[in-house]
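S.K.: My questions will all concern the structure given below.
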Amino acid sequence: MTQEQDTTGTTAPAPPTTAGRARHAEVEEHWQEVWETLGVFRARDDGSGERRYLLTMFPYPSGDLHMGHAEVFALEDVVARYWRQLGHDVLNPIGWDSFGLPAENAAIRRDEHPEVFTETNIATQARSIRRYGVSFDWSRRLQTSDPAFMRWPQWLFVRLVERGLAYRATAPVNWCPQDGTVLAHEQVVGGVCERCGTPVVRRDLTQWFLRITDYADRLVDDMDALEGHWPQKVLAMQRHWIGRSAGAQVDFAVVDGADARGSRTPPRGGPRTVSAFTTRPETLFGVTFLAVAPDADVARELCAPEHAEALEAYRAASLTLSDIDRQATSREKTGVFLGAWVEHPATGEPLPVWAADHVLPGYASGIVMGVPAHDERDQAFADRHGLAVRPVLTTAPGDGTSPARDVVVHSDGGGLTLDGLSPAEAAARATTWLSAQGRGGPQVVHRLRDWLVSRQRFWGAPVPIVHCAACGEVPVPDDELPVRLPDLRGEALAPRGVSPLAGAEDWVRTTCPRCGREARRDTDTLDTFVDSSWYFLRYCSPGHTDGPFDPEAVRRWMPVAQYVGGVEHAVLHLLYSRFVTKVLHDMGLVDVVEPFAPCSTRGR
Numbered sequence: 001m002t003q004e005q006d007t008t009g010t011t012a013p014a015p016p017t018t019a020g021r022a023r024h025a026e027v028e029e030h031w032q033e034v035w036e037t038l039g040v041f042r043a044r045d046d047g048s049g050e051r052r053y054l055l056t057m058f059p060y061p062s063g064d065l066h067m068g069h070a071e072v073f074a075l076e077d078v079v080a081r082y083w084r085q086l087g088h089d090v091l092n093p094i095g096w097d098s099f100g101l102p103a104e105n106a107a108i109r110r111d112e113h114p115e116v117f118t119e120t121n122i123a124t125q126a127r128s129i130r131r132y133g134v135s136f137d138w139s140r141r142l143q144t145s146d147p148a149f150m151r152w153p154q155w156l157f158v159r160l161v162e163r164g165l166a167y168r169a170t171a172p173v174n175w176c177p178q179d180g181t182v183l184a185h186e187q188v189v190g191g192v193c194e195r196c197g198t199p200v201v202r203r204d205l206t207q208w209f210l211r212i213t214d215y216a217d218r219l220v221d222d223m224d225a226l227e228g229h230w231p232q233k234v235l236a237m238q239r240h241w242i243g244r245s246a247g248a249q250v251d252f253a254v255v256d257g258a259d260a261r262g263s264r265t266p267p268r269g270g271p272r273t274v275s276a277f278t279t280r281p282e283t284l285f286g287v288t289f290l291a292v293a294p295d296a297d298v299a300r301e302l303c304a305p306e307h308a309e310a311l312e313a314y315r316a317a318s319l320t321l322s323d324i325d326r327q328a329t330s331r332e333k334t335g336v337f338l339g340a341w342v343e344h345p346a347t348g349e350p351l352p353v354w355a356a357d358h359v360l361p362g363y364a365s366g367i368v369m370g371v372p373a374h375d376e377r378d379q380a381f382a383d384r385h386g387l388a389v390r391p392v393l394t395t396a397p398g399d400g401t402s403p404a405r406d407v408v409v410h411s412d413g414g415g416l417t418l419d420g421l422s423p424a425e426a427a428a429r430a431t432t433w434l435s436a437q438g439r440g441g442p443q444v445v446h447r448l449r450d451w452l453v454s455r456q457r458f459w460g461a462p463v464p465i466v467h468c469a470a471c472g473e474v475p476v477p478d479d480e481l482p483v484r485l486p487d488l489r490g491e492a493l494a495p496r497g498v499s500p501l502a503g504a505e506d507w508v509r510t511t512c513p514r515c516g517r518e519a520r521r522d523t524d525t526l527d528t529f530v531d532s533s534w535y536f537l538r539y540c541s542p543g544h545t546d547g548p549f550d551p552e553a554v555r556r557w558m559p560v561a562q563y564v565g566g567v568e569h570a571v572l573h574l575l576y577s578r579f580v581t582k583v584l585h586d587m588g589l590v591d592v593v594e595p596f597a598p599c600s601t602r603g604r
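Mapping of the sequence shown onto UniProt numbering: residues 1 to 604, in sequence order.
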């Protein structure tokens, strides 16, 4: 064969040979040029074939490719070539998740700008991918550090602010001392930073959050449509992380500390009622104490002055532990008595209130009922601190034809009787009674917490917010996006507990878009997962300038017909992508509510 020709008549040169033998490196380069010239791997997008969108999770440019990339690329390339043989119009793009810590840390060591390290590694990976022979459509190539891309995650953030889905708050956060930045809960694995392996500590910081919890039920319910298309392990991991639990809210009146001696005088100051969540309302009569997260605001509000010093010391100690460490079953169940008492809603019995670090502040109200007779963790806490244990469940014998069953006994008070009922019957009756008495009722809570997106690092998209003394937090106008990064290098990039951008005073000083007065830019950058939560939509129209993507192009190509990547992103990237897609659907910008139809993952 001396030439290669496509259907339009474009001709490519013949491959080089020497004495009838091919020179392999040059042959490889030759055919790469042929494929590029003829556009054999480009999506036609002209209606000439059934459209199939195939996607691989795009790589970080932290070095050259590794075997993990090779596995994923090989799997998806087999599918791409098969679909093309069937006559399908295949969109198979490639790009780079080019913001993030690896480039920044390398730049600090080398005294150079992170962009230099990033661009060098992208060029290296691109060459390796081409040599690997993967049939990507290079015409749609993108990278998230490109200002043409960076504009749009900032645009998306402003839309989230406008819809009340982005907010700034002071809260205990996960802090990586090595990387000098906060981490989302999903980025803490086994108590350490998923990026560098450093033990994570807790700090109180003012940060930007996205209200992913507003979509918790939809994120769970919509997984029903993914059954049979996503790996069961991935679906199970997401359901576990969201952690939807149905139960009851129980309201407890706060009473004076003298309550233990019979007084019913309400306390001076502080809350008069606190609420606890339980998944087992049938054990209501087995409650012997309340446990409060030490880092929840309500712990300080309930604490008696003579116990405040002990609470603060305990709170500080709890902030050094990760959520996983705090809830580990093997840990001794520590706690501090708050000098506070509440009244049992049915019996009127005084119950002590303790701060316990195994309770997390973001779960429901940050208060749980202590039922030591029927919960191993509560039993360990009660044993450690000498608290009462009151069994209220027993097993009734069968009648010879039916098996024994659990029933509720020793449960009568306040007009509520549960004796002889099964746990399910007792739970329903107790919940109904609580509602009728105005002392609680049915409640659904989630383990999922809002997505923390602030990062105190340089190499990322700046948060597009201006802080004005008169106007407050003001989004940067769309026509001023993207907010670009200043030129910082070397030691100016070093982690310092706040963002390196805070030191770029000329960049920080600006004017308020509303009133024109002097103002200051937000100095945090956005988590890189904000970029990857929607990048697959940009591939549908990478050159679009009137928005993050062309809605018509997205309607033609979405959802992704096959997504291939690592199982390590089962909770982080996939969950965030599902959330953002649902938000964009609610905004009327996309038709789909789930971005990825079939999804394949490699790894354990």
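Yeah, the Cβ is synthetic: ideal placement off N, Cα and C, and Gly gets one too.
Report back the beta-carbon spacing between VAL182 and LEU452 to the nearest angstrom; my notes put them in contact at under 8 Å.
M.R.: So it is a contact: roughly 6 Å between Cβ atoms.
S.K.: Give the single residue among TRP208, ALA106 and PHE73 whose Cα lies nearest to the Cα of ARG489.
M.R.: Of the listed residues, the one whose Cα sits closest to ARG489 is ALA106.
S.K.: My assumption, with CB atoms under 8 Å, is that ALA461 sits in contact with GLN154. Please give the rounded CB distance.
M.R.: The Cβ separation is near 6 Å, so the contact holds.
S.K.: Rounded to whole angstroms, what is the Cα-Cα separation between THR144 and GLY228?
M.R.: Roughly 32 Å between the two C-alpha positions.
S.K.: Tell me whether the beta-carbon of VAL408 lies closer than 8 Å to the beta-carbon of ALA426.
M.R.: Yes, the pair counts as a contact, with Cβ atoms nearer than the cut-off.
S.K.: For ALA388 and ALA382, what's the separation of their Cα atoms in angstroms?
M.R.: Each residue's Cα considered, the two are about 7 Å apart.
S.K.: What are the boundary residues of the beta strand (DSSP E) that GLY438 is part of?
M.R.: No beta strand (DSSP E) contains GLY438, which DSSP labels as neither H nor E.
S.K.: When the Cα atoms are used, what is the spatial distance from MET558 to GLY335?
M.R.: Approximately 51 Å, taken between the alpha carbons.
S.K.: Can you pull the DSSP bridge partners for ASP350?
M.R.: Sequence inspection shows Pro at residue 350; the Asp mentioned does not correspond to that position. In the DSSP output, where bridge partners are listed per residue, PRO350 has GLU343.
S.K.: Between which two residues does the alpha helix (DSSP H) harbouring SER139 extend?
M.R.: Segment 137 to 143 is the beta strand (DSSP E) holding SER139; no alpha helix (DSSP H) there.
S.K.: For the alpha helix (DSSP H) containing MET67, list its first residue and its last residue.
M.R.: Looking at the DSSP string, the run of the alpha helix (DSSP H) that includes MET67 is 67 to 85.
S.K.: Using the C-alpha atoms, what's the distance from ASP522 back to PRO495?
M.R.: Cα to Cα, the separation comes out at about 17 Å.
S.K.: Could you tell me the alpha carbon to alpha carbon distance between residue 606 and PRO350, rounded to whole angstroms?
M.R.: Not covered by the structure: residue 606. The range shown for the chain is 1 to 604.
S.K.: Based on the DSSP secondary-structure assignment, which residues constitute the bridge partners of ASN121?
M.R.: DSSP, once it has assigned bridges, lists no residue as partnering ASN121.
S.K.: Going straight from the alpha carbon of ARG405 to that of LEU584, what length do you get?
M.R.: When rounded, the distance between both Cα atoms is 49 Å.
S.K.: Among TYR215, VAL72, VAL445 and ARG151, which one has its Cα closest to the Cα of TYR363?
M.R.: Closest by alpha carbon: VAL445.
S.K.: Can you tell which of PRO59, GLY370 and CYS512 has the C-alpha that lies nearest to the C-alpha of PHE99?
M.R.: Cα-wise, what sits closest to PHE99 is PRO59.
S.K.: Using only alpha-carbon positions, find the residue among ARG514, THR528, ALA74 and ARG455 that is nearest to PRO477.
M.R.: For PRO477, the nearest C-alpha among the options comes from ARG514.
S.K.: If you compare alpha carbons, which of GLU505, GLY516, THR56 and LEU165 is closest to GLY472?
M.R.: The option with the nearest alpha carbon to GLY472 is GLY516.
S.K.: Pull the bridge partners of ALA207 from the DSSP assignment, please.
M.R.: Contrary to the premise, residue 207 reads as Gln rather than Ala in this sequence. Partner(s): ALA169.
S.K.: Could you check if TYR539 is buried or exposed, using at least 16 other CB atoms within 10 Å of its CB as the buried criterion?
M.R.: Flag for TYR539 reads buried.
S.K.: Looking at the strands, I want to know which residues DSSP matches up with CYS599.
M.R.: Bridge partners of CYS599: TYR563.
S.K.: Counting C-beta neighbours from all protein chains within 10 Å, is the total for GLY588 16 or more, i.e. buried, or is it exposed?
M.R.: With fewer than 16 other Cβ atoms within 10 Å, it is exposed.
S.K.: Can you give me the C-alpha to C-alpha distance between ARG202 and ALA308, rounded to a whole angstrom?
M.R.: Distance between the alpha carbons of ARG202 and ALA308: 20 Å.
S.K.: Helix, strand or coil for GLN456 per DSSP?
M.R.: Looking at GLN456 - three-state DSSP - the assignment turns out to be coil, as it is neither helix nor strand.
S.K.: Could you please give the first and the last residue of the uninterrupted beta strand (DSSP E) stretch that includes GLU309?
M.R.: Looking at the DSSP string, GLU309 is not in any beta strand (DSSP E); the run it does join, the alpha helix (DSSP H), is 308 to 318.
S.K.: Check this for me: beta carbons of GLN125 and ASP77, under 8 Å apart or not?
M.R.: No, they are not a contact pair.
S.K.: PHE289 and THR273 - do their beta-carbons sit closer together than 8 Å?
M.R.: In this structure, PHE289 does not lie closer than 8 Å to THR273 by Cβ.
S.K.: Please report the Cβ distance between VAL250 and GLY440, rounded to the nearest whole angstrom; I am assuming they are in contact, meaning their Cβ atoms lie under 8 Å.
M.R.: About 4 Å separates the two Cβ atoms, so the contact holds.
S.K.: As a quick exercise: from SER454, THR206 and TRP433, pick the residue whose alpha carbon is nearest that of ALA169.
M.R.: Among SER454, THR206 and TRP433, the Cα nearest to that of ALA169 belongs to THR206.
S.K.: Residues in its own chain within less than 7 Å of ASP224 by CB, not counting five upstream and five downstream?
M.R.: Closer than 7 Å at Cβ, skipping near neighbours: no residue.
S.K.: Suppose you measure from the CA of PRO61 to the CA of ASN121; what does that come to, to the nearest Å?
M.R.: So the alpha carbons of these two residues sit roughly 5 Å apart.
S.K.: So what does DSSP say about ASN92, is it helix, strand or coil?
M.R.: Residue state, collapsed to three classes: coil.
S.K.: Pick helix, strand or coil for GLN178, following the three-state DSSP scheme.
M.R.: Three-state result, GLN178: coil.
S.K.: DSSP three-state call for TRP35: helix, strand or coil?
M.R.: Note: TRP35 maps to helix in three-state DSSP.
S.K.: Who are the near neighbours of ARG151 in its chain, counting only those whose CB is closer than 7 Å to its CB and skipping five residues on each side?
M.R.: The answer, listed in chain order, is LEU481 and PRO482.
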